[in-house]
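For the sequence shown, UniProt numbering begins at 1 and goes up steadily by one.
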Amino acid sequence: MRQHKDCNFSYAGLKTQVRLAIESRNLCTDDIPISSATEEDRQLRANIAASFQRIAVLHLEDRCQRAVEWALKMEPSIKHFVVSGGVASNQYVRARLNHIAEKNGLQLVSPPPSLCTDNGVMIAWTGIEHFVAGRFEDPPPADEPDDMQVV
């Protein structure tokens, strides 16, 4: 998908290549715990995992760069690049996306990593940010019928 000039992406091809690399090296032995694997096997597994992360993040960087370019073209006054959710709990991802932000004259804004792993906390954090910024509305009236009794 890298040849496409949009912001869509998929890790399907990368996951397939990783699976094939694991299978071709007979590393998918579920019945052998990692603690019982040879040092060579453990190192190979670590190398595959690190390579997967590096390529996955490069792909993410590429698409985020395209998204930032598009956003700045549409709204040149943008000053911030927000990264949140589970992806923002990964320090390597944060560092690489901070590089994208700096390269484009933007400030990376992200909640603390401890708040990035739980969707409920992320929703609450977003609500707090909106409240602090004065962007909130009164809740709608209750939709319950007048004669409803809660027991």
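Where is the CB? At the ideal position from N, CA and C, for every residue including glycine.
#1: Quick check on residue 157: does DSSP put it in helix, strand or coil?
#2: Which of the three DSSP states is assigned to Phe-81 in this structure?
#3: Once you ignore the five residues that flank Gln-65 on each side, which residues in its own chain have a CB closer than 7 angstroms to its CB?
#4: Is it the case that the Cβ atoms of Ser-51 and Ser-84 are separated by a distance below 8 angstroms?
#5: Starting from the C-beta of Asp-138, find all residues in its chain whose C-beta is less than 8 angstroms away, skip the five residues before and the five after it, and write them out in chain order.
#6: Which value, in whole angstroms, describes the spacing of the CA atoms of Gln-15 and Arg-45?
#7: For the candidate residues Val-93, Lys-79 and Arg-42, whose alpha-carbon lies nearest to that of Asp-62?
#8: Assuming His-130 and Gln-107 make a contact with CB atoms under 8 angstroms, what is their CB distance in whole Å?
#9: Whose C-beta lies closer than 8 angstroms to the C-beta of Gly-86 among residues of the same chain, with five residues either side of it excluded?
Taking the geometry as given:
#1: Any answer about residue 157 is impossible in this case: the structure gives the chain only from 1 up to 151.
#2: Residue numbering aside, residue 81 sits at position 81 when the sequence shown is read from its first letter. Correct three-state label for Phe-81: strand.
#3: For the purposes of this step, residue 65 is identified with residue 65 of the sequence shown, where counting begins at 1. These residues qualify, in order along the chain: Ile-100.
#4: Position 51 of the sequence shown, counted from the first residue, corresponds to residue 51. Position 84 of the sequence shown, counted from the first residue, corresponds to residue 84. No, they are not a contact pair.
#5: Residue numbering aside, residue 138 sits at position 138 when the sequence shown is read from its first letter. Contacts found: none.
#6: The residue labelled residue 15 in the question sits at position 15 within the sequence shown. The residue labelled residue 45 in the question sits at position 45 within the sequence shown. Per the sequence shown, residue 15 should be read as Lys rather than Gln. Approximately 14 angstroms between the Cα atoms of the pair.
#7: On the sequence shown, position 62 is the one that residue 62 refers to. The residue with the shortest Cα to Cα distance from Asp-62 is Val-93.
#8: What you label residue 130 is simply residue 130 of the sequence shown in a count that begins at 1. What you label residue 107 is simply residue 107 of the sequence shown in a count that begins at 1. At roughly 19 angstroms, the Cβ-Cβ gap does not stay under 8 angstroms, so His-130 and Gln-107 are not in contact.
#9: Taking the sequence shown and counting its residues from 1, one reaches residue 86 at position 86. Result list for Gly-86: Cys-116 and Thr-117, in chain order.
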